[in-house]
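Peer 1:
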Amino acid sequence: MRPREGEGRRLHLVPMDLTFVHYSPVNLSLLASKMTMLQNLLRYVKQTQTHMTNEWKSTRELPQRFLNGVEDDLKKAENGGLNIVQALYHTVATGHVFKPVKEWLVDIVAERGHKRWDKAVLSGLLNLRGLVHENLLPALERCGIILSRMLGIARFHDSEEGIGFNASQITRLLDIVSCLTVVAHKILLNVMDELEYFSVFSTWLRLQIDQQASSSSATEELTEKEATMDHGKVLTYIQQYLTSSPLAMYFDQITKEDYVKDQEYAEDNPSLLQMLEKQLKRQESGQPYMRALPHVDFLVNYLTSRANKVFQNIAEAEKRGVLFGKDAVLDVGEKIWKHDVKLCVRPEDEATEQTAFTALVSEEDKTTVFLFRTVIRGTKGVSELGPTRACGLAVPKGKSVIDFGFLDENSLLLLCCTAGNNPEYSLIKISYRSTALLYRQYEPGQRPSTRTLDRDEQTLFCTTGFSHLSHFKPVQMEVQKACRLRDEIPGRVCLVGKDRAMYKTYALPKSWEDVDMNSQ
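Residue 481 in numbering that gives the first Met the number 0 sits at position 482 of the sequence shown; the count goes up by one each step and never skips.
(1) So, helix, strand or coil for M501, using DSSP?
(2) Find the nearest neighbour of D148 within the set G404, E133, L188, L173, judged by alpha-carbon distance.
(3) Less than 9 Å between the C-beta atoms of M51 and L130, yes or no?
(4) Is the separation between the beta-carbon of L241 and that of V84 shorter than 9 Å?
(5) For V328, report the span of its beta strand (DSSP E) as first-last.
(6) Name, in chain order, the residues that DSSP records as bridge partners for H11.
(7) Could you check what DSSP says for D93 in three-state terms: helix, strand or coil?
(8) Is E60 helix, strand or coil by DSSP?
(9) Quick one: which unbroken alpha helix (DSSP H) runs of 4-plus residues sit fully inside the region 122-172? Chain order, please.
(10) Could you check if V13 is buried or exposed, using at least 16 other CB atoms within 10 Å of its CB as the buried criterion?
(11) Which partner residues does H338 have in the DSSP bridge list?
(12) Taking the C-alpha atoms as reference points, what is the distance between F250 and K98?
(13) Using 9 Å as the threshold, is the C-beta distance between Q38 and F310 below it?
(14) Taking Cβ positions, are V331 and T354 nearer each other than 9 Å?
(15) Using DSSP's beta-bridge definition, name the partner residues of K398.
(16) Leaving aside the five residues before and after G163 along the sequence, list all residues of the same chain whose C-beta is less than 8 Å from its C-beta, in chain order.
(17) Can you give the Cα-Cα distance for S382 and I144, rounded to whole angstroms?
(18) Touching or not, the region 63-70 and the region 193-200, by the rule of three or more beta carbon pairs under 8 Å?
(19) Using 9 Å as the threshold, is the C-beta distance between H294 and M248 below it?
(20) Does the distance from the CB of V340 to the CB of F405 come in under 9 Å?
(21) Shortest alpha-carbon distance to V368 belongs to which of P137, L452, H95?
(22) Within the chosen definition, does the region 107-119 reach the region 176-196 through at least 3 CB pairs nearer than 8 Å?
(23) Which partner residues does E477 have in the DSSP bridge list?
(24) Provide the residue span of the beta strand (DSSP E) that contains E383, from first to last.
(25) Leaving out five residues before and five after R483 in sequence, what residues of the same chain have Cβ atoms less than 8 Å from its Cβ?
(26) In this structure, does DSSP put D407 in helix, strand or coil?
(27) In whole angstroms, what is the alpha-carbon distance linking A92 and R281?
(28) Count the other C-beta atoms from every protein chain shown that fall within 10 angstroms of the C-beta of M15, then say buried if there are 16 or more, exposed otherwise.
(29) Kindly list the residues whose CB is nearer than 6 Å to the CB of K365, restricted to its own chain and excluding five residues on each side of it in sequence; keep chain order.
(30) Based on the DSSP secondary-structure assignment, which residues constitute the bridge partners of C343?
(31) What residues in its chain sit with their C-beta under 8 Å from that of H470, if we drop five residues either side in the sequence?
(32) Going by CA-CA distance only, name the one from K75, L125, H89 that's closest to E54.
(33) Exposed or buried, T462, counting other C-beta atoms within 10 Å across all chains shown (16 or more means buried)?
(34) Who are the near neighbours of A138 in its chain, counting only those whose CB is closer than 8 Å to its CB and skipping five residues on each side?
(35) According to DSSP, Y424 sits in a beta bridge with which residue or residues?
(36) Buried or exposed for N548, going by 16 or more other Cβ atoms inside 10 Å?
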């Protein structure tokens, strides 16, 4: 409740019902925490996928630049028509090196280029393996656990009207997570294979560089080393990994047409996991397959988009569970300076009726506090405001209000001071629910009738002074009621000084008659 923009003369008291609290009070906090965790995990998975793509690209960019340089020379050679795969395969099988390949090994790649090549591929593959094993798979496992809890909540409620989602939506998310898990394991296996084959190929490539650049005596020694190598793995790397990697199907660029087509097909398919396994088998057998479906980026984006729909449905369901009633306007005909609100529920009251008390002070008159009492009734689960009654209380002559606040369901505290160079500060406790306080019928815009607090009315209010305030001038007060959770903590007020740097806390006395409060 606060003044509308440009309406500093009015307060609007608006009843608000949170029906979703009654619908699922037990699972509300669980649902909120799990949704927050799932959102964080999805962002984490997306960041991991981005890093994985960058690491894979780093393993292909530098080798591809080296290979592009020799491809043109091979096409211009006398026995043109060969590519680098065929030329290197020929070298492994026969020991003969074509002249363009020899120049490429000695002049372009050389020892320095080989070290860069080896470092780029090995570090990229090792980092990719770590991202999958240490980051992606654990995150997907956590997503599966959270979605399983959500699936249990959905089955318990058996309807998405109150919680915003149903079991089929969560099952679909679990299906996508399963697809990502399968793809992650496939990537891990391919990375391990490529690491094994590249290590052998890198050793063979270094021997070829040294052999082509060395003398005849050294060549014989290098030839003996080459004889102990596993040439089958070298040939496998040249054929399957040198110019194209099996990992490309998970990280390479895909066209927008393939992306949209596969997404539409996935929406119509009841089981995404079965469809993925079918497409992977088609790819392994060399048949045409859906290009976007095995792609990590596609699956992560698809999971995020479907999860965002669930989040949006939950938000809309909770929004539908928030009902606002007709407001009550509190207006005393003057600009409002400060206000405070207290909602009171007495044990003897019916559960369908509560009372809201509002205290406010105007800027023109800081010697008067206006109190409003508004009844809130509940009808068929919806709150509505009853009539508002009001009264005004003028503080004793010579004093003005600095700040105020409700202490509990019975007491309102006023921090007051006298005028002059040496003001005296005091705290007034008003029993705002006392029978001696007459609340009268109130109409917006009318100033409630005011009465002055009389010293003889001890049942209505009492006053106490402060000690140790000689150089301390409070300008703000915070009120805290008594707390018995840890031992017995009395009610207290915290006064903030004029410099906004110093504050003092005072315990409220059990008896308010002629008792000064001592600073704590």
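Just so it is clear, CB atoms sit at the ideal spot from N, CA and C, and this is done for glycine as well.
Peer 2: According to the data block:
(1) In the structure shown, M501 sits in coil (DSSP, three-state: anything other than H, G, I, E or B).
(2) As written in the sequence, residue 148 is Arg, which differs from the Asp given in the question. Measuring from the Cα of R148, the nearest candidate turns out to be L173.
(3) Against a cut-off of 9 Å, the Cβ pair of L130 and M51 comes out as a contact.
(4) Between L241 and V84, the C-beta spacing is below 9 Å.
(5) Bounds of the beta strand (DSSP E) holding V328 are 327-330.
(6) Bridge partners of H11 according to DSSP: V328.
(7) The identity of residue 93 in the sequence shown is Thr, whereas the question assumes Asp. Three-state result, T93: helix.
(8) Correct three-state label for E60: helix.
(9) The alpha helix (DSSP H) runs of length 4 or more contained entirely in the region 122-172 are, from start to end of the chain, 136-156.
(10) With fewer than 16 Cβ atoms within 10 Å of its Cβ, V13 is classed as exposed.
(11) The partner list for H338 (beta bridge, DSSP) reads L359.
(12) Distance between the alpha carbons of F250 and K98 is about 35 Å.
(13) Yes, the Cβ-Cβ distance between Q38 and F310 is below 9 Å.
(14) No. Outside cutoff.
(15) Paired residues: T417.
(16) Cβ neighbours of G163 beyond the five flanking positions: V309, N312, I313, A314, E315, A316, E317.
(17) Each residue's alpha carbon lies about 39 Å from the other.
(18) The count of Cβ pairs closer than 8 Å, one atom from the region 63-70 and one from the region 193-200, stays below three, leaving the stretches out of contact.
(19) A distance below 9 Å separates the beta carbons of H294 and M248.
(20) In this structure, F405 lies closer than 9 Å to V340 by Cβ.
(21) When only C-alpha atoms are compared, the closest one is L452.
(22) With the cut-off at 8 Å, the region 107-119 and the region 176-196 do not touch.
(23) Paired residues: C493.
(24) Here the beta strand (DSSP E) through E383 covers 381-393.
(25) Nothing listed; no residue qualifies.
(26) Correct three-state label for D407: coil.
(27) Their Cα atoms are separated by approximately 31 Å.
(28) The residue is exposed, with fewer than 16 neighbouring Cβ atoms inside 10 Å.
(29) Within the same chain, S399, V400 come within 6 Å of K365 by CB-CB distance, once the 5 residues on both sides are set aside.
(30) Bridge pairing for C343: T354 [DSSP].
(31) The beta carbon of H470 is closer than 8 Å to none in its chain, skipping five residues each way along the sequence.
(32) Considering only alpha carbons, the answer is L125.
(33) Under this definition T462 is a buried residue.
(34) Excluding residues within five positions, the ones whose Cβ falls inside 8 Å are L40, Y43, V44, T47.
(35) Answer is C416, bridged to Y424.
(36) The shown model of the chain, from 0 to 519, leaves out residue 548, and the question about it has no answer.
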